[in-house]
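There are 2 protein chains.
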Amino acid sequence: MPGKFSVLPWQNSDATQMKQQRHTVIRELLGKAPIASQDELRRKLAGRGFHVTQATLSRDIHELRLSKGPDGYSLSNGSDSEEDSLPGIREVLQGFGLEVRQAANLLVVVTTTGGAQPIAAGMDYEDWPEVVGTIAGDDTVLIICPDIEQATQLKTRIEHYIG
Amino acid sequence: MPGKFSVLPWQNSDATQMKQQRHTVIRELLGKAPIASQDELRRKLAGRGFHVTQATLSRDIHELRLSKGPDGYSLSNGSDSEEDSLPGIREVLQGFGLEVRQAANLLVVVTTTGGAQPIAAGMDYEDWPEVVGTIAGDDTVLIICPDIEQATQLKTRIEHYIG
DNA sequence: AACACCATTGCATAAGTATACATCATGAAT
DNA sequence: ATTCATGATGTATACTTATGCAATGGTGTT
Chain Y
1 MPGKFSVLPW QNSDATQMKQ QRHTVIRELL GKAPIASQDE LRRKLAGRGF HVTQATLSRD
61 IHELRLSKGP DGYSLSNGSD SEEDSLPGIR EVLQGFGLEV RQAANLLVVV TTTGGAQPIA
121 AGMDYEDWPE VVGTIAGDDT VLIICPDIEQ ATQLKTRIEH YIG
Chain E
164 MPGKFSVLPW QNSDATQMKQ QRHTVIRELL GKAPIASQDE LRRKLAGRGF HVTQATLSRD
224 IHELRLSKGP DGYSLSNGSD SEEDSLPGIR EVLQGFGLEV RQAANLLVVV TTTGGAQPIA
284 AGMDYEDWPE VVGTIAGDDT VLIICPDIEQ ATQLKTRIEH YIG
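Respectively, the protein sequence lines represent chains Y and E.
1 is the number of the first residue of the first sequence in my numbering; add one for each residue after it.
164 is the number of the first residue of the second sequence in my numbering; add one for each residue after it.
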């Protein structure tokens, strides 16, 4: 092939990898300034060395699952993949919990320093009916229960976990 | 005028009011099933007695500030850039609030991570009579109300704000 | 090497959305 | 009542986005 019109050097190597990079740059651009149209995005990408057509960007936008709203394109607000390998409330309480106190329908869990947040997060995750909500400081967790009975019941269970 | 083709009775009275009703129905439809295009929306509205053209819907969608994502149109995503200069409690709750739970005279607002402080600050600023005080953690706000009745009332209002 | 396969892309165009302009209805001011 | 301003809407069309098709380049298989 004498001609071989590969004017664009970046096209030589790997197109797939190129695509990944382009996607990354698109995300980056979205964070900086609003982008109203695919053609505007095309121009901005061109300024960064990515010369593609509107058609390609239409496909990219689908793959990135972007949304177009009144203020232009944006990352989809869909629930991001939250991956947590929580150790379980039992282990956390046993590891950090020190004491449980009750005040009417409220429970206060005294923990080792820095242990409050993990315990509160664990309690929230368990989604127990007797836990209306939690507030965690540094070494204290406030647990709000619907009523005194359930608070007492939960207190017993937590004490059992703590040991 | 012999003909007077007023086939549609609702057209006679007030067009502006008609528009309001249409907007309400659009919101309602959005909640039920995904709507992929303005023409699809047009057909569904027609089934409910609203016979308008795609052009009108394009304008409605702007006014309602809807977004179009991979799954069709949806109510505008709360985390948009600061468009209106009104960071009132309404916007803050809509942006960060997830759920409200009641425990007697206490309310617990579950928020996105880091959203508790802004909400609590907003509540304090509003200086509502049914808010005795607030305590904010990271993703939970505790609101103390004078009594159960006012707590219930406030809960309803907050739920309305959240959506 | 020759071949089959698969992903990516551009081109041309279909499909979908926004808007300039004209019309009609309503309400306020004269 | 007449005039003027405002707002909602339809029509036609400009603008924007999506996609069928074919070409290209890389990979793996024989």
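All residues carry an ideal CB built from backbone N, CA and C; glycine is no exception.
Going by DSSP in three states, T53 (chain Y) sits in which element: helix, strand or coil? For the purposes of this step, residue 53 (chain Y) is identified with residue 53 of the first sequence, where counting begins at 1. If DSSP states are grouped into helix, strand and coil, T53 (chain Y) belongs with coil.
Does the beta-carbon of I144 (chain Y) have 16 or more other beta-carbons within 10 angstroms, so that it is buried, or is it exposed? For this step, residue 144 (chain Y) is matched to residue 144 along the first sequence. Buried.
With DSSP as the reference, identify every bridge partner of S74 (chain Y), one or two as the case may be. Position 74 of the first sequence holds residue 74 (chain Y). Looking at the DSSP assignment, S74 (chain Y) forms a beta bridge with Y:S67.
Would you mind working out which of Y:A46, Y:A55, Y:G69, Y:R59 sits nearest P34 (chain Y), comparing C-alpha positions? As a working note, residue 34 (chain Y) is residue 34 in the first sequence. Of the listed residues, the one whose Cα sits closest to P34 (chain Y) is Y:G69.
Name, in chain order, the residues that DSSP records as bridge partners for A279 (chain E). On the second sequence, position 116 is the one that residue 279 (chain E) refers to. For A279 (chain E), which the question treats as bridged, DSSP gives no partner whatsoever.
Using the Cα positions of A314 (chain E) and P292 (chain E), report the straight-line distance between them to the nearest angstrom. Your numbering for residue 314 (chain E) matches position 151 in the second sequence. Your numbering for residue 292 (chain E) matches position 129 in the second sequence. Their backbone Cα atoms lie some 11 Å apart in a straight line.
Could you tell me the alpha carbon to alpha carbon distance between I282 (chain E) and K207 (chain E), rounded to whole angstroms? For the purposes of this step, residue 282 (chain E) is taken as the residue at position 119 of the second sequence. For the purposes of this step, residue 207 (chain E) is taken as the residue at position 44 of the second sequence. When rounded, the distance between both Cα atoms is 38 Å.
Which residues in chain Y have a C-beta closer than 7 Å to the C-beta of I282 (chain E)? List them in chain order. Along the second sequence, read from residue 1 onward, the residue named residue 282 (chain E) stands at position 119. Residues of chain Y passing the Cβ test: none, with the nearest at roughly 13 Å.
Give the interface partners of S67 (chain Y) over in chain E, defined as CB-CB distance under 7 Å, in chain order. If you number the first sequence from 1, residue 67 (chain Y) lands on position 67. What S67 (chain Y) touches in chain E: S230, K231, G232, N240.
Helix, strand or coil, according to DSSP, for V25 (chain Y) in the structure here? Here the question's residue 25 (chain Y) lines up with position 25 in the first sequence. If DSSP states are grouped into helix, strand and coil, V25 (chain Y) belongs with the helices.
Within its chain, find whatever has a CB closer than 8 Å to the CB of L269 (chain E); leave out the 5 residues flanking it on each side and keep chain order. Indexing the second sequence from 1 puts residue 269 (chain E) at position 106. Around L269 (chain E): L305, I306, I307, C308, A314.
Find out if the Cβ-Cβ distance for the pair T303 (chain E), V271 (chain E) is shorter than 8 Å. Reading the second sequence from its first residue, position 140 is the one you call residue 303 (chain E). Reading the second sequence from its first residue, position 108 is the one you call residue 271 (chain E). Cβ atoms of T303 (chain E) and V271 (chain E): closer than 8 Å.
Since I89 (chain Y) and G122 (chain Y) are thought to touch, with beta carbons under 8 Å apart, how far apart are those beta carbons, to the nearest angstrom? Counted from its first residue, the first sequence places residue 89 (chain Y) at position 89. Counted from its first residue, the first sequence places residue 122 (chain Y) at position 122. Sure, about 4 Å apart at Cβ, within 8 Å.
Find the nearest neighbour of G300 (chain E) within the set E:T275, E:G235, E:Q316, E:L317, judged by alpha-carbon distance. To locate residue 300 (chain E), count along the second sequence from 1; it is residue 137. Closest option to G300 (chain E), Cα to Cα, is E:T275.
Return the first residue and the last residue of the beta strand (DSSP E) that E262 (chain E) is part of. Sequence index remark: in the second sequence, residue 262 (chain E) carries index 99 (1-based). Counting along the chain, the beta strand (DSSP E) containing E262 (chain E) begins and ends at 260–266.
Give the single residue among E:K318, E:I189, E:T319 whose Cα lies nearest to the Cα of V215 (chain E). For the purposes of this step, residue 215 (chain E) is taken as the residue at position 52 of the second sequence. Closest option to V215 (chain E), Cα to Cα, is E:I189.
Taking a cut of 9 Å between CB atoms, which residues from the region 127–138 of chain Y lie near chain E? V132, G133, T134, I135, A136, G137
Rounding to the nearest angstrom, what Cα-Cα distance links Y161 (chain Y) and L98 (chain Y) in this structure? Numbered from 1 along the first sequence, position 161 holds the residue referred to as residue 161 (chain Y). Numbered from 1 along the first sequence, position 98 holds the residue referred to as residue 98 (chain Y). Between Y161 (chain Y) and L98 (chain Y), the C-alpha separation is close to 10 Å.
Report the rounded CA-to-CA distance for T22 (chain Y) versus Y236 (chain E), giving the unit in angstroms. As a working mapping, residue 22 (chain Y) is identified with position 22 in the first sequence. As a working mapping, residue 236 (chain E) is identified with position 73 in the second sequence. For the sequence presented, residue 22 (chain Y) should be read as Arg rather than Thr. Near 26 Å, if we compare the C-alpha coordinates of Y236 (chain E) and R22 (chain Y).
If you measure from the beta carbon of H23 (chain Y) to each beta carbon in chain E, is any gap under 8 Å? Taking the first residue of the first sequence as position 1, residue 23 (chain Y) is located at position 23. False, the Cβ-Cβ gap to chain E never drops below 8 Å.
Show which residues of chain E have a CB atom less than 9 Å away from the CB atom of H62 (chain Y). For the purposes of this step, residue 62 (chain Y) is taken as residue 62 along the first sequence, with counting starting at 1. Per Cβ cutoff of 9 Å: P233.
Nearest-angstrom Cβ-Cβ length linking Q217 (chain E) and R205 (chain E), presumed shorter than 8 Å: As a first step, residue 217 (chain E) is located in the second sequence; it is residue number 54 there, counting from the start. As a first step, residue 205 (chain E) is located in the second sequence; it is residue number 42 there, counting from the start. Rounded, the Cβ-Cβ distance is 6 Å, consistent with contact.
CA-CA distance, G133 (chain Y) and A266 (chain E)? Here residue 133 (chain Y) refers to the residue found at position 133 when the first sequence is read from its first residue. Here residue 266 (chain E) refers to the residue found at position 103 when the second sequence is read from its first residue. Approximately 9 Å, taken between the alpha carbons.
V141 (chain Y), DSSP secondary structure in three states: Against the first sequence, residue 141 (chain Y) aligns to sequence position 141. Looking at V141 (chain Y) - three-state DSSP - the assignment turns out to be strand.
Residues that T274 (chain E) bridges to, as DSSP identifies them: Within the second sequence, residue 274 (chain E) is the residue found at index 111, counting from 1. Its beta-bridge partners are E:G260.
Say whether chain E places a C-beta atom closer than 8 Å to the C-beta of I144 (chain Y). Numbered from 1 along the first sequence, position 144 holds the residue referred to as residue 144 (chain Y). Yes, contact with chain E.
Taking the CB atoms as reference points, tell me whether V100 (chain Y) and K155 (chain Y) lie closer together than 8 Å. Taking the first sequence and counting its residues from 1, one reaches residue 100 (chain Y) at position 100. Taking the first sequence and counting its residues from 1, one reaches residue 155 (chain Y) at position 155. Yes. Within cutoff.
Are Q38 (chain Y) and S58 (chain Y) touching if we call contact CB-CB under 8 Å? Within the first sequence, numbered from 1, the residue matching residue 38 (chain Y) stands at position 38. Within the first sequence, numbered from 1, the residue matching residue 58 (chain Y) stands at position 58. In this structure, S58 (chain Y) lies closer than 8 Å to Q38 (chain Y) by Cβ.
Reduced DSSP category for I162 (chain Y) - H, G, I as helix; E, B as strand; rest coil: Translated into positions along the first sequence, residue 162 (chain Y) becomes position 162. I162 (chain Y) falls in the helix class under three-state DSSP.
Tell me which residues share the same chain as D84 (chain Y) and place their Cβ nearer than 7 Å to its Cβ, disregarding the 5 neighbours each side in the sequence. Within the first sequence, residue 84 (chain Y) is the residue found at index 84, counting from 1. Confidence in D84 (chain Y) is poor, its pLDDT being 34 and thus under 50, which makes the residue's placement unreliable; the coordinate value appears in the next sentence. Nothing meets the Cβ criterion.
Which residue marks the beginning of the alpha helix (DSSP H) containing A136 (chain Y), and which one marks its end? In the first sequence, counting from the first residue as 1, residue 136 (chain Y) sits at position 136. Not the alpha helix (DSSP H): A136 (chain Y) falls in the beta strand (DSSP E), residues 133–136.
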